[in-house]
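Anchor point for the sequence shown: position 59 equals 59 in full-length UniProt numbering, and the numbering is continuous, going up by one each time. The beta-carbon is built from N, C-alpha and C at its ideal position, and this holds for glycine as well. None of the values given here were measured: they were computed from a predicted structure. Reading through the structure tokens given below for one structure.
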Amino acid sequence: MDPHLLRTFVAVLEHRSFSTAASVLGYTQSAVSQHIAALEADLGTRLVERRPVTATAAGTRLMEHAPGLLLRLDAARADLARLHDTRPSRLTVAHTPAAFGPAVAQALERLHHAAHPLELEVRVLGREAVIEEVLTGRADLGLVDGATAPSDPLPLPDLGPTTTLAAAEQELAVLFPDGHPLARRGSVRLTDLTQAHWIDAPDTAIPLDRLRAVCRADGFRARIRHRGTDLHGLAALAAAGHGLAVLPMPLAAALPGVAAVPLTQPRLVHRTELIHPANPTEAARQLAELVADRRPGPQRG
Numbered sequence: 001m002d003p004h005l006l007r008t009f010v011a012v013l014e015h016r017s018f019s020t021a022a023s024v025l026g027y028t029q030s031a032v033s034q035h036i037a038a039l040e041a042d043l044g045t046r047l048v049e050r051r052p053v054t055a056t057a058a059g060t061r062l063m064e065h066a067p068g069l070l071l072r073l074d075a076a077r078a079d080l081a082r083l084h085d086t087r088p089s090r091l092t093v094a095h096t097p098a099a100f101g102p103a104v105a106q107a108l109e110r111l112h113h114a115a116h117p118l119e120l121e122v123r124v125l126g127r128e129a130v131i132e133e134v135l136t137g138r139a140d141l142g143l144v145d146g147a148t149a150p151s152d153p154l155p156l157p158d159l160g161p162t163t164t165l166a167a168a169e170q171e172l173a174v175l176f177p178d179g180h181p182l183a184r185r186g187s188v189r190l191t192d193l194t195q196a197h198w199i200d201a202p203d204t205a206i207p208l209d210r211l212r213a214v215c216r217a218d219g220f221r222a223r224i225r226h227r228g229t230d231l232h233g234l235a236a237l238a239a240a241g242h243g244l245a246v247l248p249m250p251l252a253a254a255l256p257g258v259a260a261v262p263l264t265q266p267r268l269v270h271r272t273e274l275i276h277p278a279n280p281t282e283a284a285r286q287l288a289e290l291v292a293d294r295r296p297g298p299q300r301g
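This is the structure we're talking about:
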């Protein structure tokens, strides 16, 4: 299966348009049509309905595999490129909004003083984007966060030849508006809040599908959807009564207009994990060692 044809196939279905896919990929529309026809001939089945542009049953099934296949190909290319990296003083860190805690900031400061000069770039992204940045070599190291049982790893997808280690574990809290009846509670149970209004903010707060999974219950219905990485915007929505959200306690307690109430049941923690390739750059390797020195924890590869 030609990856160039597969990329064209993904672009056509993502944009629901042959002409838009052609513009995005830098091809002519006729070239895009030829790519799709060639891929269909290779696989022996129709993949895309032309009018309107939609996936066939076979195309839908292929779309379940295609993004992961293309990402692993990009990851392999980046892995080889790192063998010839001639910029040991460059470090690009991608992280989710709630993943960049004091331990990592202090480790970066120590590394910055140890490496002269260190060209440092920090990017705030969603969870899937952080993983993609690391696998494709656009970031040297990533930090992702989520909710899990104490000392358990995060439920991450298959990352291929990468190393993951714990960077921090913190208490979780539910964000309530200051005037909410539960805002002055000493603690709350997540299972008591399944029918409350929630903010669906998968890249800033703990995702609602994760809350459903750990409680093994339906509910946690979104009253409003928040897309992006703006924590203060999320706090403003919570303060105005649009819904609840779950964040790490130190971060939640510092946000204005909301009350951060500790979450006691089920027994969960906010966990941050550091991800880097199996053959990291020197700066990424040093930062990972500094973080590991500050926060011992199990590694997985």
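Output needed for residue i: all residues of its chain with C-beta closer than 8 angstroms, excluding positions within five of it in sequence on either side, in chain order.
{"i": "residue 71", "result": "132, 135, 136"}
{"i": "residue 43", "result": "1, 58, 62"}
{"i": "residue 66", "result": "6, 9, 10"}
For residue i, I'd like the list of residues in its chain whose CB is within less than 7 angstroms of its CB, leaving aside the five on either flank, ordered along the chain.
{"i": "residue 18", "result": "12, 29, 32, 33, 53"}
{"i": "residue 265", "result": "189, 190, 191"}
{"i": "residue 40", "result": "46, 47"}
{"i": "residue 8", "result": "21, 25, 32, 35, 36"}
{"i": "residue 201", "result": "226, 234, 245"}
If contacts are defined as beta-carbon pairs under 8 angstroms, then residue i and residue j qualify, I think. What distance do you get, rounded to the angstrom?
{"i": "residue 245", "j": "residue 159", "result": "Not a contact, Cβ separation roughly 27 angstroms."}
{"i": "residue 260", "j": "residue 199", "result": "Not really, about 15 angstroms apart at Cβ, beyond 8 angstroms."}
{"i": "residue 74", "j": "residue 279", "result": "About 16 angstroms; that fails the 8 angstroms criterion."}
{"i": "residue 274", "j": "residue 143", "result": "6 angstroms"}
{"i": "residue 94", "j": "residue 123", "result": "5 angstroms"}
{"i": "residue 4", "j": "residue 169", "result": "About 43 angstroms separates the two Cβ atoms, so there is no contact after all."}
{"i": "residue 153", "j": "residue 267", "result": "Actually they do not touch by this definition, with Cβ atoms about 16 angstroms apart."}
Name the DSSP beta bridge partners of residue i, please?
{"i": "residue 144", "result": "273"}
{"i": "residue 262", "result": "173"}
{"i": "residue 49", "result": "54"}
{"i": "residue 202", "result": "Partner(s): none; residue 202 has no beta bridge."}
{"i": "residue 71", "result": "For residue 71, which the question treats as bridged, DSSP gives no partner whatsoever."}
{"i": "residue 191", "result": "Bridge partners of residue 191: none, in fact."}
{"i": "residue 121", "result": "92"}
{"i": "residue 36", "result": "BP columns for residue 36 are empty, so no partner."}
{"i": "residue 246", "result": "174"}
{"i": "residue 225", "result": "200"}
Buried or exposed for residue i, going by 16 or more other Cβ atoms inside 10 Å?
{"i": "residue 248", "result": "buried"}
{"i": "residue 59", "result": "buried"}
{"i": "residue 178", "result": "exposed"}
{"i": "residue 184", "result": "exposed"}
{"i": "residue 300", "result": "A caution first: residue 300 carries a pLDDT of 49, below 50, which makes its placement in the model unreliable, though a value can still be read off. Classification of residue 300: exposed, given that the 10 Å Cβ count is below 16."}
{"i": "residue 81", "result": "exposed"}
{"i": "residue 298", "result": "Bear in mind that the predicted position of residue 298 carries a pLDDT of just 43, short of 50, making it too unreliable to give a figure here."}
{"i": "residue 283", "result": "buried"}
{"i": "residue 208", "result": "buried"}
{"i": "residue 180", "result": "buried"}
{"i": "residue 217", "result": "exposed"}
Using a Cβ-Cβ cut-off of 6 angstroms (strictly less than) and excluding sequence neighbours within five positions of residue i, which residues of its own chain qualify?
{"i": "residue 205", "result": "245, 246, 247"}
{"i": "residue 230", "result": "none"}
{"i": "residue 197", "result": "223, 243"}
{"i": "residue 1", "result": "none"}
{"i": "residue 255", "result": "235"}
{"i": "residue 219", "result": "194, 195"}
{"i": "residue 212", "result": "220"}
{"i": "residue 210", "result": "147"}
{"i": "residue 90", "result": "119"}
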